[in-house]
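Q: Using full-length UniProt numbering, read the sequence shown as starting at 1 and increasing by one per residue.
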Amino acid sequence: MKLVHSEFLKLRTTNAWWLFGLGALGMLALAFLINALQAHYLLNDPSTEGMSTEDAATFEATGSVVYQAANLYTSGQFFGLLFVMLIGIVLITSEFHHQTVTTTFLTTPHRTAVIAAKLAMAALAGAFFWLVTTAINIPATIIFLNTEDFTSQLGEWAVTRAILLNLVAYLLWGILGVGFGVLIRSQIGATVTAVALYLLGTAAAAIVFTLFAQWLDLDWIRDLQYGMPSIASGLMVSGTDLPNQPAFWVGAVVLVVWALATGTVGTLITRTRDVS
């Protein structure tokens, strides 16, 4: 606990956490606005005339109040997870950037304990981001659903499950950030690479796997995109399973595997790396 408190002190006394927090809040407002406009359109029973059977089924599923409620209650997840990952990266790379890593490991020779404290702090930071964004999303979503003549839907297990799994996503992305920061010690290099992979990699994976699935006429290829942690995170908070899409728990499994892998690899690398 002393090590975790030390990591908390390091994070609290820098500008990183509140700068990332402001960024997350700004993107949350934009995301909720977009999601609300989309929900307003889909909840008002738009016609599926002219659509294929498959497209019509997907359209009707996304137009359900449960799906839209879960989407609204978890608004801002995409960029929120990005900022949580960046906090995890900063927690480890700042030690190398400010050349305090030698002092840290001399003070606490058990490197595994140091990394465990950083992983715990990153997860706690993710939980804090989830708490703040959820505290904003819940009343905003209730007000929106009331204006659309719907109840809050919080009594629906699928909606509650999405909110709770969103917490899991925030926790795990903090761990992913620490693991990524261990692989690339340069703070600027790790930050730029992580943002590029998160934004461009997510879009590229969705496009490439979809095109290959259509070209080869093999639907399972499209599902490979859910191996990307960013896409898996969105899948695990979906309130309703959509046609031709894996179940929500697949996204949770993928994200847990990524977090375990990066956390373990990061710890092993740090235990053996020369930091002098």
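A virtual CB, placed ideally from N, CA and C, is assigned to each residue, including glycine.
A quick note: this is a predicted structure, and the numbers were derived from the prediction, not measured.
To the nearest angstrom, how far is the alpha carbon of Asn71 from that of Tyr170?
A: Translated into positions along the sequence shown, residue 71 becomes position 71. Translated into positions along the sequence shown, residue 170 becomes position 170. Taking the straight line joining both Cα atoms gives about 16 Å.
Q: Taking the alpha-carbon positions, what's the residue 348 to Ala125 distance?
A: In this structure the chain extends from 1 to 276, so residue 348 is not present and cannot be described.
Q: Among Asn35, Arg273, Asp219, Gly88, whose alpha-carbon lies nearest the alpha-carbon of Tyr73?
A: Start at 1 with the first residue of the sequence shown, and residue 73 comes out as number 73. Nearest of Asn35, Arg273, Asp219, Gly88 to Tyr73, Cα basis: Asn35.
Q: According to DSSP, is Gly189 helix, strand or coil?
A: Your numbering for residue 189 matches position 189 in the sequence shown. Gly189 falls in the helix class under three-state DSSP.
Q: Identify, in the order they occur along the chain, each residue of the same chain with its Cβ nearer than 6 Å to the Cβ of Thr141, setting aside the five sequence neighbours on each side.
A: As a first step, residue 141 is located in the sequence shown; it is residue number 141 there, counting from the start. So the list reads Leu72, Tyr73, once near-sequence residues are dropped.
Q: Classify Ser186 as buried or exposed, calling it buried when 16 or more other Cβ atoms lie within 10 Å of its own Cβ.
A: As a first step, residue 186 must be located in the sequence shown, where it is residue number 186. Result: exposed.
Q: Would Thr107 be called buried (16 or more neighbouring beta carbons within 10 Å of its own) or exposed?
A: Translated into positions along the sequence shown, residue 107 becomes position 107. Its Cβ having fewer than 16 others within 10 Å, Thr107 is exposed.
Q: What did DSSP end up calling His98 once you bin it into helix, strand or coil?
A: In the sequence shown, residue 98 corresponds to position 98, counting from 1. Coil at His98, not helix or strand.
Q: Take every Cβ of the region 127 to 140, pair it with every Cβ of the region 25 to 45, and state whether three or more of those distances are shorter than 8 Å.
A: As far as the Cβ criterion goes, the region 127 to 140 touches the region 25 to 45, which means the pair count is three or higher.
Q: Looking at the structure shown, is His110 part of a helix, part of a strand, or coil, going by DSSP?
A: As a working mapping, residue 110 is identified with position 110 in the sequence shown. His110 falls in the coil class under three-state DSSP.
Q: Taking Arg271 and Thr112 to be in contact with their CB atoms under 8 Å, please state how far apart those CB atoms are, rounded to whole angstroms.
A: Counting from one through the sequence shown, the residue named residue 271 turns up at place 271. Counting from one through the sequence shown, the residue named residue 112 turns up at place 112. The pair is a contact, with the Cβ atoms about 6 Å apart (cut-off 8 Å).
Q: Three-state secondary structure (DSSP) at Pro229?
A: Translated into positions along the sequence shown, residue 229 becomes position 229. DSSP places Pro229 in helix when its eight states are reduced to three.
Q: Distance, Cα to Cα, Ala162 vs Tyr67?
A: Working through the sequence shown from its first residue, we reach residue 162 at position 162. Working through the sequence shown from its first residue, we reach residue 67 at position 67. Spanning the two alpha carbons is a distance of roughly 10 Å.
Q: Using a threshold of 9 Å, state whether the C-beta atoms of Leu164 and Ala122 are closer than that.
A: Counting from one through the sequence shown, the residue named residue 164 turns up at place 164. Counting from one through the sequence shown, the residue named residue 122 turns up at place 122. Their beta carbons are not under 9 Å apart, which means Leu164 does not touch Ala122 by this criterion.
Q: Which of helix, strand or coil does DSSP assign to Asp223?
A: Sequence index remark: in the sequence shown, residue 223 carries index 223 (1-based). The answer is helix: DSSP assigns Asp223 an H, G or I state.
Q: Who are the near neighbours of Pro246 in its chain, counting only those whose CB is closer than 8 Å to its CB and skipping five residues on each side?
A: Within the sequence shown, the letter at position 246 stands for residue 246. Here the set comprises Asp223, Tyr226, Leu235.
Q: Does the region 198 to 211 come close enough to the region 167 to 182 that 3 or more CB-CB pairs lie under 8 Å?
A: As far as the Cβ criterion goes, the region 167 to 182 does not touch the region 198 to 211, which means the pair count is below three.
Q: Check whether the Cβ atoms of Thr62 and Leu42 sit closer than 9 Å, and answer yes or no.
A: As a working note, residue 62 is residue 62 in the sequence shown. As a working note, residue 42 is residue 42 in the sequence shown. Yes, the Cβ-Cβ distance between Thr62 and Leu42 is below 9 Å.
Q: By Cβ distance below 6 Å, which residues in the same chain neighbour Glu148 in space, the five residues on each side in sequence not counted?
A: For the purposes of this step, residue 148 is taken as residue 148 along the sequence shown, with counting starting at 1. The answer, listed in chain order, is Leu43.
Q: Does the region 243 to 263 come within contact of the region 178 to 195, defined as at least 3 CB pairs closer than 8 Å?
A: With a cut-off of 8 Å, the region 178 to 195 and the region 243 to 263 count as touching, because enough Cβ pairs lie within range.
Q: For the putative contact between Ala31 and Ser75, defined by C-beta atoms under 8 Å, what is the C-beta separation to the nearest angstrom?
A: One-based indexing of the sequence shown puts residue 31 at position 31. One-based indexing of the sequence shown puts residue 75 at position 75. Contact flag correct, Cβ pair sits at about 5 Å.
Q: Helix or strand or just coil, what does DSSP make of Leu86?
A: In the sequence shown, counting from the first residue as 1, residue 86 sits at position 86. Correct three-state label for Leu86: helix.
Q: Sorted by chain position, which residues of the same chain lie with C-beta nearer than 6 Å to Leu82's C-beta, five sequence neighbours on each side aside?
A: By one-based count along the sequence shown, residue 82 stands at place 82. Excluding residues within five positions, the ones whose Cβ falls inside 6 Å are Tyr198.
Q: Quick one: measure Cβ to Cβ for Leu154 and Gly88, integer angstroms, because I've assumed they're closer than 8 Å.
A: As a first step, residue 154 is located in the sequence shown; it is residue number 154 there, counting from the start. As a first step, residue 88 is located in the sequence shown; it is residue number 88 there, counting from the start. Leu154 to Gly88, Cβ: 30 Å. No contact.
Q: Among Gly189, Leu86, Ile136, Ala69, which residue has its Cα nearest to the Cα of Trp18?
A: Within the sequence shown, numbered from 1, the residue matching residue 18 stands at position 18. Cα-wise, what sits closest to Trp18 is Leu86.
Q: Can you check which of these residues, Phe78, Ala39, Ala116, Val237, is closest to Ser230 by C-alpha distance?
A: Here residue 230 is taken as the residue at index 230 of the sequence shown, counted from 1. That would be Phe78, whose Cα lies nearest to the Cα of Ser230.
Q: Does Pro246 come out as helix, strand or coil in the three-state DSSP assignment?
A: Looking up residue 246 in the sequence shown gives position 246. DSSP places Pro246 in coil when its eight states are reduced to three.
Q: At which residues does the alpha helix (DSSP H) containing Ile184 begin and terminate?
A: Stepping through the sequence shown from its first residue, residue 184 is reached at position 184. Here Ile184 belongs to no alpha helix (DSSP H), and DSSP marks it neither H nor E.
Q: Which residue wins for smallest C-alpha separation from Arg12, given the options Phe209, Asp217, Phe128?
A: Numbered from 1 along the sequence shown, position 12 holds the residue referred to as residue 12. When each option's Cα is compared against that of Arg12, the closest is Phe128.
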